[in-house]
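Student:
Residue numbers (our numbering): 107 to 413.
1) When we look at the beta-carbon of residue 375 and count the other beta-carbons within 10 Å, is it buried (16 or more) or exposed?
2) What residue range is occupied by the uninterrupted beta strand (DSSP E) comprising residue 254?
3) Taking residue 237 as the reference, which of 259, 248, 366 and 280 has the closest Cα?
4) Please check the pair residue 299 and residue 326, which I expect to be a contact at CB under 8 angstroms, by giving their CB distance rounded to whole angstroms.
5) Less than 7 angstroms separating the beta-carbons of residue 235 and residue 242?
6) If residue 353 and residue 337 are in contact, beta carbons under 8 angstroms, what's the gap, nearest whole angstrom?
7) Grab the span of the beta strand (DSSP E) containing residue 383 for me, first residue to last.
8) Residue 217 and residue 232 - do their beta-carbons sit closer together than 7 angstroms?
9) Between which two residues does the beta strand (DSSP E) harbouring residue 327 extend?
10) Using the C-alpha atoms, what's the distance from residue 314 back to residue 269?
11) At what residues does the alpha helix (DSSP H) containing residue 185 begin and finish?
12) Opposite residue 271 in the DSSP bridges: which residues?
13) Skipping 5 residues on each side, what residues in its chain have a beta carbon closer than 7 angstroms to that of residue 256?
14) Sort 176, 226 and 412 by Cα distance to residue 146 and report the nearest one.
15) So, at 7 angstroms on beta carbons, what are the nonlocal neighbours of residue 330 in its own chain, with the 5 sequence-adjacent residues on each side left out?
16) Taking only the alpha-carbon atoms, compute the straight-line gap between residue 387 and residue 324 and give it to the nearest angstrom.
17) Which one or two residues does DSSP pair with residue 176 in a beta bridge?
18) If you count every other CB in all the chains shown that lies within 10 Å of the CB of residue 134, and 16 or more means buried, which is it?
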């Protein structure tokens, strides 16, 4: 037999072995993906911290808690994705006794129970135990089954959440192109940046400052654009403003509304930390804490707008 033919036959043999190995590996692949095929409008998460209730409202938007707070989209989307694509990698045990359940943290006091409903009808129940040693998988049971599965993802970390973590921190939002003026009022100053039509375009005008200031358009536009979204660092418990020093009032006027922010401060909680900023907004029914960089956005030196 010629050398070339021997090489061809050997190559075919190698390809056959590879194909056979892939076929066997595929047949041993036990990964199951559980989908949520039915409609649902409520998700309840019962963990060691609290019972969290998420509900879909008539406008198709989801809210959290009985107060119907808007959800944090990123956090909520992660929860939806986990529930809609629940990947079971392998069965590891049967929850036949409390000892077995305890081994995987599937006992009362440690287990996290996630219930998906449509009205009062339960669509799915996932009991979430501890994460695996790698933290990339989690031990769970599904619905009424006693089979304990290793599921993809750290579901324990995902569902060990809180209402506050799932609640949107957005205070209010603006379309920067529709902002006509921003006024900053402090104890010792009161100035306004206003949009003024100049032929077919516009310029920004600064009033309430000494002398006449020619405003740098690019600088002013950048500051106004920074007003598109305001996000709280956290919401203040009981929705009650604490005592503090009034720092300023910011008034934003658009073509359709006037929105005011009142911002306060307290000294730093510890040496080396920033002051604590908090406030209220006429477009938001809840009072909030502010990160220092957001306060800096309000606490603008008007001289920086000069060309």
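Ideal Cβ positions, reconstructed from N, Cα and C, are used throughout, including at glycine.
Please read all numbers here as calculations on a predicted model, not as lab measurements.
Tutor: Based on what the coordinates show:
1) By the 10 Å Cβ count, residue 375 comes out exposed.
2) Unbroken beta strand (DSSP E) run through residue 254: 253-258.
3) Residue 259 is the option with its Cα nearest to residue 237.
4) The pair is a contact, with the Cβ atoms about 6 angstroms apart (cut-off 8 angstroms).
5) Not in contact: residue 235 and residue 242 (Cβ atoms no closer than 7 angstroms).
6) Not confirmed; about 18 angstroms, so no contact.
7) Residue 383 -> beta strand (DSSP E) spans 382-387.
8) It is not a contact, given that the beta carbons lie outside the stated cut-off.
9) Counting along the chain, residue 327 falls outside any beta strand (DSSP E), though it belongs to the alpha helix (DSSP H) covering 323-331.
10) C-alpha separation (whole angstroms): 44 angstroms.
11) Per DSSP, the unbroken alpha helix (DSSP H) holding residue 185 starts and ends at 179-190.
12) Beta-bridge annotation (DSSP): residue 271 is not paired with any residue.
13) Within the same chain, Cβ atoms closer than 7 angstroms to the Cβ of residue 256 are found at 195, 196, 198, 238, 243 and 245, the five residues on either side in sequence being excluded.
14) Ranking the options by Cα distance to residue 146, first place goes to 226.
15) Excluding sequence neighbours, residue 330 sits near 282, 285 and 288.
16) If you take the alpha carbons of residue 387 and residue 324, they lie about 27 angstroms apart.
17) Beta-bridge pairing links residue 176 to 169.
18) With a pLDDT of 42 at residue 134, under the threshold of 50, the predicted position of this residue should be treated as unreliable, though the coordinate-derived value follows. It is exposed - the Cβ of residue 134 has fewer than 16 other Cβ atoms within 10 Å.
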